[in-house]
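Heads up: the structure comes next, in structure tokens.
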Amino acid sequence: MDITLDKSAANETSIKLKIVEADYQPGVENRAKEYSKKANIKGFRPGKVPVGMIKKMYGASLLVDEINELVSKSLNSYIQDNKLNIIGEPLPVVNEEIDFKTQKEFEFEYEIGLVEEFSVNLAQKADQYEIQVADEDIEKTIDELKIQMGERSTPDEVSEEDNVYGEISLPGEEEPVKVLVDVSDLATKTGKSIFVDMKKEESKTFDIRKAYRSNEKLANFLNRTEEEVKEIEGDVEFKVLNISRTVPAEINQEFFDKALGKDQVTNEEEFRAKLKELLGENYNRETEAYAEKNLRDELVKNTEITLPQTFFKKWLLASQKDLTEEKVDADFDKYIEELKWMLISDKIVMDNNIEINNSDIQEMAAEQIKQQFLQYGLPPEQLEENLAGFVDNYLKAENGQNYMNIMQQLKFSKVIEKVKEASEINKKETTVDEFKEIINN
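See below:
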């Protein structure tokens, strides 16, 4: 067999394989012999069918199978032996139709996308924000918890704190639209006064723009786009279908237990201290994730990699049947960014001998399952008794995709930790509102 690398460009190239009869004939003979042992053909005892008859009846099929396997193995071996760093999978080039019945020699060509050697500088710069938990953050969280754990009722008359389910008839539209009005969220007293004191089944006509002045607010209310609502104005008719009210929960031991777990705290002072601690941990996770994303983005931006873009685009279309050329063109920069990160992270793993073993994966899965149990308020003792089984089932589910997802999370975590060790992390104090502005800009 003759295998050659045809370098038409530095990273856009092809591998050509020339196969002669001596390369494939022994394999075809072996396949025919094996098939003759299993074949069940009328007139012959099982396993006694002559090899010659098998070749006559199934020769072309045996040849195709042998050549396909030979090409696949030879192609993969050539790539590995020559340490070719390729993207995706080789793509077959269809030059002319093959006649397996008459041809003795065969030529195959595969396009490949090569990635040339590149270096990664782990030393990057990023800001690590530290959110200071303010008293108003604690108060806001307590208010939210009181609502979450409060008692629901369906009063007959609307107040300023209620949610109102109803239907609205819009100008020029035949069918009314089902909507939900959060009265407390309305920006003006005029808007609130439209709905307050309305009763179930009552209807009222009002100017829609007095309740929802901006296109953004109106779009959210009607569950439409801003473009779709910009022409909506004038009088509309609203009918109340139902009213929902939540009476905030009282702050007592039952409230503490529901929020934090049984007997975690015994008074309001302890509750506030624990809440401050938990809020700080949550904020730190958010700011850490933001810093890690910025480090990743800096690495991608600052690492020079010459990529086979023409091949990459062709491979994306060939490997994902639901993709269109228009979709690939529109999102190509994102595809390139993800490809660069994959190559960079793989190189960091290799250069730093980073390992991800099965025990790491099981440990992370167990931690994620524990967090889910806590969210649902399930008893810890029930979890500990069955944790190993939960982990095993979770990692096997979705055809092993959960296992792969956790492995990728671990890979990212270990890679980014290595980058952090070499990088300049500038720590800055901030507030919740300031941090929200930072991540939204």
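Taking full-length UniProt numbering, I'd label the letters of the sequence shown as residues 1 to 441. Glycine included, each C-beta is placed from N, C-alpha and C at the ideal position. Remember, it's a predicted structure, so these values are computed and weren't measured experimentally.
Inset, instruction - Check whether the Cβ atoms of Ile354 and Lys414 sit closer than 7 Å, and answer yes or no. - result: yes
Inset, instruction - Return the chain-ordered list of same chain residues with a C-beta closer than 7 Å to the C-beta of Glu268, the five sequence neighbours on each side being excluded. - result: Ile251
Inset, instruction - Could you spell out where the beta strand (DSSP E) holding Tyr110 opens and where it closes? - result: 106–114
Inset, instruction - State the CB to CB distance for the pair Tyr129 and Lys428, rounded to an integer number of angstroms; the pair is presumed to be in contact (CB under 8 Å). - result: 5 Å
Inset, instruction - Compare the C-alpha of Lys140 against each of Leu114, Val419, Gly261, Val432 and name the closest. - result: Val432
Legend entry - Exposure label - Gly389; buried when at least 16 CB within 10 Å: exposed
Legend entry - Under the three-state DSSP convention, the category Gly52 falls into: helix
Inset, instruction - Taking all protein chains shown into account, decide if Glu398 is buried (16 or more other Cβ within 10 angstroms of its Cβ) or exposed. - result: exposed
Inset, instruction - Taking all protein chains shown into account, decide if Ser423 is buried (16 or more other Cβ within 10 angstroms of its Cβ) or exposed. - result: buried
Inset, instruction - Rounded to whole angstroms, what's the CA-CA distance from Asn386 to Tyr403? Just pull it up for me. - result: 19 Å
Legend entry - Cβ-based neighbour list, Val196, same chain, cut-off 7 Å, excluding 5 preceding and 5 following: Val158, Ser159, Glu160, Val183
Inset, instruction - Specify the secondary structure class of Asp433 as computed by DSSP and reduced to three states. - result: helix
Legend entry - Asp162 in three-state terms, based on DSSP: coil
Inset, instruction - Use the C-beta contact count for Val64: other C-beta atoms within 10 angstroms, 16 or more gives buried, fewer gives exposed. - result: exposed
Inset, instruction - Pull up the distance between the alpha-carbon of Lys199 and that of Phe206, whole angstroms please. - result: 16 Å
Inset, instruction - Sort Lys321, Asp143, Ala126 by Cα distance to Asn426 and report the nearest one. - result: Ala126
Inset, instruction - Could you name each continuous alpha helix (DSSP H) segment of 4 residues or more that falls completely within the region 126–154, going from the start of the chain to the end? - result: 135–148
Inset, instruction - Since I believe Val93 is in contact with Glu111 (beta carbons under 8 Å), could you give me their beta-carbon distance rounded to a whole number of angstroms? - result: 6 Å
Legend entry - Nearest to Lys189 (by Cα), restricted to the options Lys204, Met342, Lys210: Lys210
Inset, instruction - Check whether the Cβ atoms of Ser36 and Val28 sit closer than 7 Å, and answer yes or no. - result: no
Inset, instruction - Indicate the three-state DSSP secondary structure (helix, strand or coil) for Leu91 in the structure shown. - result: strand
Legend entry - Three-state secondary structure (DSSP) of Phe206: strand
Legend entry - Contact set for Ala187: own chain, Cβ-Cβ below 6 Å, skip 5 residues either direction: none
Legend entry - Asp331, DSSP secondary structure in three states: coil
Legend entry - The beta strand (DSSP E) enclosing Asp2, as first and last residue numbers: 2–6
Inset, instruction - Identify, in the order they occur along the chain, each residue of the same chain with its Cβ nearer than 7 Å to the Cβ of Glu292, setting aside the five sequence neighbours on each side. - result: Ile416
Legend entry - Integer Cβ distance of Glu107 from Lys18, believed to fall under 8 Å: 5 Å
Inset, instruction - Using three-state DSSP, classify Arg45 as helix, strand or coil. - result: coil
Inset, instruction - May I ask you to list the residues that DSSP assigns as paired with Lys217? - result: Bridge partners of Lys217: none, in fact.
Legend entry - Contact under 7 Å by Cβ, Val236 with Ile208: yes
Inset, instruction - Report back the beta-carbon spacing between residue 449 and Leu122 to the nearest angstrom; my notes put them in contact at under 8 Å. - result: The requested residue 449 does not occur in the structure, where the chain is confined to residues 1 to 441.
Inset, instruction - Have a look at Thr430 and Val229 and give me their C-alpha separation to the nearest angstrom. - result: 37 Å
Inset, instruction - Pull up the distance between the alpha-carbon of Thr266 and that of Ile439, whole angstroms please. - result: 37 Å
Inset, instruction - Measure how close the beta-carbons of Glu175 and Lys239 come, nearest whole angstrom, since I'm counting them as under 8 Å. - result: Their Cβ separation, rounded to whole angstroms, is 13 Å, which puts Glu175 and Lys239 out of contact at 8 Å.
Legend entry - Exposure of Arg296, with buried meaning 16 or more beta-carbon neighbours within 10 Å: buried
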